[in-house]
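Structure record follows, encoded as structure tokens.
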Amino acid sequence: DQQVKQNSPSLSVQEGRISILNCDYTNSMFDYFLWYKKYPAEGPTFLISISSIKDKNEDGRFTVFLNKSAKHLSLHIVPSQPGDSAVYFCAASAAYGGSQGNLIFGKGTKLSVKP
Amino acid sequence: SAVISQKPSRDICQRGTSLTIQCQVDSQVTMMFWYRQQPGQSLTLIATANQGSEATYESGFVIDKFPISRPNLTFSTLTVSNMSPEDSSIYLCSVAEGTNTEAFFGQGTRLTVV
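So the protein sequences, as listed, match chains A and B.
Numbered according to this note's numbering, the first sequence spans residues 1 to 115.
Numbered according to this note's numbering, the second sequence spans residues 116 to 229.
See below:
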């Protein structure tokens with residue numbers, strides 16, 4: 001059973017517009033969430049994270065929103081640029097329990113930003 | 116952020132053989148992880164390798180198939196043993212300084228078993 005779900009395998013956005021990538025989770029023990037970007041033939045690159053004590057974290061063009069009651073988080077990229085085209089992975093971890101420090105990943109969403 | 120080097124970056128191996136993947140970090144790190152990404156799938160944790168203790172394997176992964184070494188705080192190896200085509204995946208090394216901190220990844224090893 002997938003604990004972290006990214007239901008959209010792909011997303012296409014026009015350059016300059018907003019990209020919204022969504023992620024849902026099922027494990028209420030998760031208290032730390034991360035987004036990674038992955039280009040072909042490279043390892044995932046850390047993008048932004050959020051702790052469960054917050055509902056928003058912003059870093060430049062990237063903002064992550066967390067809705068704990070809905071067990072949902074989203075990554076907003078604005079404005080989107082062609083260089084943002086990559087696969088984006090949502091990940092979650094729990095400080096306590098059997099998986100301390102381990103990241104549980106979603107299947108990823110492939111973002112294409114068109115010029 | 117830590118710089119992580121993985122070797123080899125890719126390999127094509129015969130079934131029944133074994134491959135050892137190396138992960139070198141440019142700084143001492145507490146936690147090292149090995150992940151697998153099968154085609155079209157998410158990254159799945161194989162095991163956690165902390166220096167000074169036995170690797171901890173996730174459900175579905177066993178030491179006989181994926182032996183891991185962690186001789187010091189900057190290096191680890193993962194061996195994929197007695198390979199079959201189902202082992203064809205990208206294998207990724209990852210490091211983190213602690214719980215609930217960002218993890219950094221190597222570039223991955225693309226393994227094809229024929």
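C-beta: ideal position from N, C-alpha, C; glycine also.
These figures come from a predicted structure and were not determined experimentally.
Discussion item. Just to make sure I have the definition right: I need the residues of chain A whose C-beta is within less than 9 Å of the C-beta of B:LEU160. Which are they?
Written reply: Listed along chain A are SER99, ASN102, LEU103, ILE104 and PHE105, each with a C-beta nearer than 9 Å to that of B:LEU160.
Worksheet item: What residues of chain B sit near A:GLY60, judged by a beta carbon separation below 7 Å?
Response: Going along chain B, no residue has its Cβ under 7 Å from A:GLY60, so there is no contact; the nearest lies around 16 Å.
Worksheet item: Is any beta-carbon of chain A found at less than 8 Å from that of B:GLU169?
Response: No, its Cβ sits nowhere closer than 8 Å to a Cβ of chain A.
Item to complete: Within the same chain, show all residues whose beta-carbon is closer than 6 Å to that of A:SER12, passing over the 5 residues directly before and after it, in chain order.
Response: Excluding its 5 nearest sequence neighbours in each direction, A:SER12 has C-beta neighbours in its own chain below 6 Å: SER112, listed in chain order.
Item to complete: Output yes if chain B places a C-beta closer than 8 Å to the C-beta of A:PRO44; else output no.
Response: Contacts with chain B at 8 Å (Cβ-Cβ) include A:PRO44.
Discussion item. Just verifying my parser: in three-state terms, what is the DSSP assignment at A:GLU58?
Written reply: Of the three classes helix, strand and coil, the one that applies to A:GLU58 here is strand, per DSSP.
Worksheet item: Are the beta-carbon atoms belonging to B:GLN166 and B:ARG185 less than 8 Å from one another?
Response: In contact: B:GLN166 and B:ARG185 (Cβ atoms closer than 8 Å).
Worksheet item: Quick one: what does DSSP say B:PRO154 is sitting in, helix, strand or coil?
Response: Correct three-state label for B:PRO154: coil.
Worksheet item: Going by beta carbon distance, what residues of the same chain come within less than 6 Å of A:THR109, once the five residues before and after it are set aside?
Response: Cβ neighbours of A:THR109 within its own chain (closer than 6 Å, five residues either side excluded): GLN6, SER8, LEU11, LEU21 and TYR88.
Worksheet item: If you check the beta carbons only, do B:GLN139 and B:THR171 fall under 8 Å apart?
Response: For B:GLN139 and B:THR171, no; Cβs fall outside 8 Å.
Worksheet item: So what does B:ARG125 bridge to, in DSSP terms?
Response: For B:ARG125, which the question treats as bridged, DSSP gives the partners B:ARG225.
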